[in-house]
Each structure stands twice: as C-alpha cells, then as structure tokens.
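Visitor:
Protein chains in written order, with this note's numbering: chain F, 1 to 107; chain R, 1001 to 1115.
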C-alpha cells in the first residue's frame, strides 16, 4: 500500500528564513511525486512535480529514493508563501495525499 | 487555462437526504476522481473512475456513495442518505496522462453541510 507522511502539521518561519517541508513516502513501485498548495479558501493547485525538476515560486523538491523522501525547500520564505502544502504520490490509478503541513510565514 | 468546475459551491442539507455533487472535468482528461476534506483534516481519496467504471475506491466510499458519468461532460457524486459526518469539502479532479503529463487538476470544491 502506498503512503505519504508529512511529519509536521504546522511549520512557522520568519520572513526571509529558509523553509523545508518534509515528505516521506512508501511505495513499492516507481513513484511520481508532487507538491500541491492550498491558499486560504482556494482550491488545491499543483506546485511542482519531481519529473519536471523545476523551480516554482522559488520552491524546489528533490526526490531521494534512498531516503524515500521528497522534501520541499525554499531558501527565503515570503509572507505570500503562507498556505497548506500537501505532498502527493501518484500510482497507476490514484493520487494519495499526505496530511498536509501548514506553513506560516511570520513578517 | 482549462479548469475543473464544480457545482454547487455550497450545499446545506438535512441528515438522511440525498445529495448530488456535480463536476465537469477537463475535456480531454480520461481519469476522474473524488476527494473529500473534512474541516481541518487531510485530503482523503474517495474514488477513481476510468473508462466509465470505478477503477478504485476507498473504504470511505461505501454503499451510500455512487458516481456516474451521465453524459460526455459531467461526473457526479451521489450520497444517498447523508450523515452528519459527511459534512466536508468535496473535490473533483481529473488527470491528464497524455504524453506522461500526469497532472491532477482540482476543482474549487463543493462544501457540503449536513444538519
């Protein structure tokens, strides 16, 4: 069975500080991993995916198969980054989400 | 940019009533999903749908739930006899697997309040 673990429900950082949102996964196949973001009262939006290896809004995430992790990082947090962040794993038919981490950027 | 649209945005119903939540997925997507999010909790998978049939469902998706694609565009979630614990945001999503894109696009959600 596939599982996504986000160990922190809440992460508070000061503006300008580095951010790391942790995500670990469990999956027997070859995973496809994503980060979704949900700003207040808005829909879930794709932030980035490991396949594309891109940086969106200054965020990056590297898939580490040895550690089964896909942590989301940003070197300098901005106030507008405050949101819920969900790590997600895609199997053949289903996307499984982690519990989500609320990122709170303190001005 | 193509969107997944959901209606209604908010529905209030009495316990025991039937509710139908509607979704219009992105037109060239072939995989459809329903997720729910109880207030303050995680996004939970309910069901996936492909080729006009359910491909996978969670333990949450019991006999009181059903999904249907009645025409070429709509994808509905029906709750036959709502319970208080069905109160949640229900998100529809569709998945583009063409060319390895594998991007799951969500609708804005339908908030269901069961009284």
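A virtual CB, placed ideally from N, CA and C, is assigned to each residue, including glycine.
These figures come from a predicted structure and were not determined experimentally.
If you drop the 5 nearest sequence neighbours on each side, which residues of the same chain put their C-beta closer than 6 angstroms to that of residue 1056 of chain R?
Guide: In the second chain, counting from the first residue as 1, residue 1056 of chain R sits at position 56. Answer for residue 1056 of chain R: 1048, listed in chain order.
Visitor: Find the residues of chain F that neighbour residue 1109 of chain R, judging by a C-beta separation of less than 7 angstroms, and give them in chain order.
Guide: Walking along the second chain from the start, residue 1109 of chain R turns up at place 109. Going along chain F in sequence order, the residues near residue 1109 of chain R (Cβ under 7 angstroms) are 43.
Visitor: Spell out whether any CB of chain F is found under 8 angstroms from the CB atom of residue 1102 of chain R.
Guide: For this step, residue 1102 of chain R is matched to residue 102 along the second chain. It does; some Cβ of chain F falls within 8 angstroms.
Visitor: Of all the CB atoms in chain R, is at least one closer than 8 angstroms to the CB of residue 72 of chain F?
Guide: Residue 72 of chain F sits at position 72 when you count from the first residue of the first chain. Output row for residue 72 of chain F: interface = no.
Visitor: Counting only Cβ-Cβ distances shorter than 9 angstroms, please list the residues of the stretch 14 to 31 of chain F near chain R, keeping chain order.
Guide: Cβ contacts with chain R: none found.
Visitor: Since I believe residue 4 of chain F is in contact with residue 88 of chain F (beta carbons under 8 angstroms), could you give me their beta-carbon distance rounded to a whole number of angstroms?
Guide: As a first step, residue 88 of chain F is located in the first chain; it is residue number 88 there, counting from the start. As a first step, residue 4 of chain F is located in the first chain; it is residue number 4 there, counting from the start. That belief holds up - the Cβ atoms of residue 88 of chain F and residue 4 of chain F are roughly 7 angstroms apart, short of 8 angstroms.
Visitor: For residue 53 of chain F versus residue 1108 of chain R, is the C-beta distance shorter than 8 angstroms?
Guide: Reading the first chain from its first residue, position 53 is the one you call residue 53 of chain F. Reading the second chain from its first residue, position 108 is the one you call residue 1108 of chain R. Contact: no.
Visitor: Against residue 96 of chain F, what residues of chain R qualify as contacts under a CB-to-CB distance less than 7 angstroms, listed in chain order?
Guide: For the purposes of this step, residue 96 of chain F is identified with residue 96 of the first chain, where counting begins at 1. Those are 1045, listed as they occur along chain R.
Visitor: Residues of chain R with CB closer than 7 angstroms to the CB of residue 86 of chain F, please, in chain order.
Guide: Position 86 of the first chain, counted from the first residue, corresponds to residue 86 of chain F. The contacting residues are 1043.
Visitor: Excluding the 5 residues preceding and the 5 following residue 1017 of chain R in the sequence, name in chain order all residues of the same chain whose CB lies nearer than 6 angstroms to its CB.
Guide: On the second chain, position 17 is the one that residue 1017 of chain R refers to. Same-chain partners within the cutoff: 1082.
Visitor: Would you check if the distance between the CB atom of residue 111 of chain F and the CB atom of residue 20 of chain F is smaller than 8 angstroms?
Guide: The displayed coordinates of chain F run from 1 to 107. Any statement about residue 111 of chain F would go beyond what the structure contains.
Visitor: When we look at the beta-carbon of residue 1063 of chain R and count the other beta-carbons within 10 Å, is it buried (16 or more) or exposed?
Guide: Against the second chain, residue 1063 of chain R aligns to sequence position 63. Flag for residue 1063 of chain R reads exposed.
Visitor: DSSP state of residue 33 of chain F, grouped into three classes?
Guide: Sequence index remark: in the first chain, residue 33 of chain F carries index 33 (1-based). Residue state, collapsed to three classes: strand.
Visitor: Contact between the stretch 1003 to 1021 of chain R and the stretch 20 to 31 of chain F: three or more CB pairs below 8 angstroms?
Guide: Cβ pair count under 8 angstroms is below three, so no.
Visitor: Give the range of the beta strand (DSSP E) segment to which residue 1096 of chain R is assigned.
Guide: Translated into the one-based positions of the second chain, residue 1096 of chain R becomes position 96. Taken as a continuous stretch (DSSP letters only), the beta strand (DSSP E) holding residue 1096 of chain R covers 1088 to 1096.
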